[in-house]
Amino acid sequence: MSAQKTLQIVSRFQNNALSTLRYEENPHVLDKESVAAHLSRMFRLAGYITPQLKEEFANHKESATLIEDLFFNILFHDDDEIVSGKDISTFNKTHNAHDDEEIAAIMEALASLETDQIALEKKYVMAFREKKTLASQIAKVLDNLTGNQVAIEQLIGMIHPDYVLLCIDYIEKQKGISQTTDVLIEEQIQRIKVVRKGLQDDAKHVSEIAYDLKTRGIGKHDIIWNNMQKLLKVDIQTYIPDKSKVYFPVWEYDIDSPIPLEDEP
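All letters in the sequence shown, in the order written, are residues 74 to 338 by this note's numbering.
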């Protein structure tokens with residue numbers, strides 16, 4: 074092993090992970106998150122559920138290396154984005170469509186490392202994409218959970234009915250992998266619904282969100298607020314989401330007859 078080359082690769086990948094932003098195409102996440110921050114979220118979540126996973130899968134054929142494999146899946150799963158410096162937002166992405174090119178680019182970026190080091194990464198990059206191992210399947214659940222969590226925290230996406238329902242569908246599809254992760258999935262789905270209901274019941278808070286958008290130079294407060302109010306009236310229990318509208322900004326989506334407000338917060 075070349076210590077110098079190994080340290081250089083780590084520096085390059087870490088710096089790229091810090092500068093590569095997720096959600097670039099997603100107007101519902103205004104404060105973008107780096108790939109490095111995303112990995113940190115996943116590692117922390119994986120760490121906190123490690124005791125439960127060990128207990129749940131104590132007799133599974135992968136039990137001996139499950140946690141090690143899980144952490145390696147997380148570590149390497151977004152290296153294509155780190156290498157390219159670009160993240161494609163979830164609902165614009167066709168998963169596994171460019172595996173060969175992306176893996177080749179990763180291998181080229183690692184070319185200065187030893188064969189066994191490169192082989193280790195390739196093993197887990199392939200595992201995450203193929204989703205045949207328990208560890209890779211759990212890693213994918215954590216990927217989806219943490220991806221949704223950023224949008225929940227920033228609230229704007231919870232106003233948008235198409236985005237809300239597709240976020241729920243996105244994570245609900247991951248049920249059945251593990252009892253441990255199923256609990257997290259159900260909690261996140263309920264949280265999405267609670268956050269949306271809270272916004273429906275708090276016009277003042279919605280007005281404050283609209284004002285924040287205005288201060289960022291995004292439209293007029295009254296128009297934004299009016300659009301948000303209309304979107305919040307949509308009943309997500311009966312509404313059928315339209316994927317083509319999922320990235321319509323709330324300040325442009327269904328704008329008509331804006332109701333001006335007398336005061337702004």
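Built from N, CA and C at the ideal position, the CB exists for glycine as well.
Query	Result
Leaving out five residues before and five after SER209 in sequence, what residues of the same chain have Cβ atoms less than 6 Å from its Cβ?	ASN146, ALA200 and PHE201
Contact check, VAL156 vs ILE179 under 8 Å by CB: the rounded distance?	6 Å
Give every residue of the same chain whose Cβ lies closer than 7 Å to the Cβ of ASP153, excluding the five residues on either side of it in the sequence, and list them in chain order.	GLU175, ALA178 and ILE179
If you measure from the beta carbon of ALA182 to each beta carbon in chain B, is any gap under 8 Å?	Given the protein chain composition of this structure (a single chain), no chain B is represented.
Rounded to the nearest angstrom, what separates LEU80 and VAL307 at their Cα positions?	52 Å
Would you mind working out which of ALA109, ASN99, LEU238 and GLU203 sits nearest GLN87, comparing C-alpha positions?	ALA109
Could you tell me whether the stretch 95 to 106 touches the stretch 123 to 138, using the rule of 3 or more Cβ pairs below 8 Å?	no
Which residue's Cα is closest to the Cα of ALA119: PRO322, LEU286 and VAL214?	VAL214
Measure the beta-carbon distance from THR219 to HIS111 and round it to whole angstroms, keeping in mind my assumption that it falls under 8 Å.	6 Å
Keeping to the same chain, check which residues put their C-beta closer than 7 Å to that of LYS248; ignore five residues upstream and five downstream.	ASP255 and ILE258
Would you call the CB atoms of SER251 and ILE225 closer than 8 Å?	no
What are the residues that DSSP puts in a beta bridge with ARG269?	DSSP output for ARG269 lists no bridge partner at all.
According to DSSP, is GLU194 part of a helix, a strand, or is it coil?	helix
Measuring alpha carbon to alpha carbon, tell me which residue in SER185, ASN300, TRP324 and ASP189 is nearest ARG289.	TRP324
Straight-line CA distance for VAL83 to MET115?	19 Å
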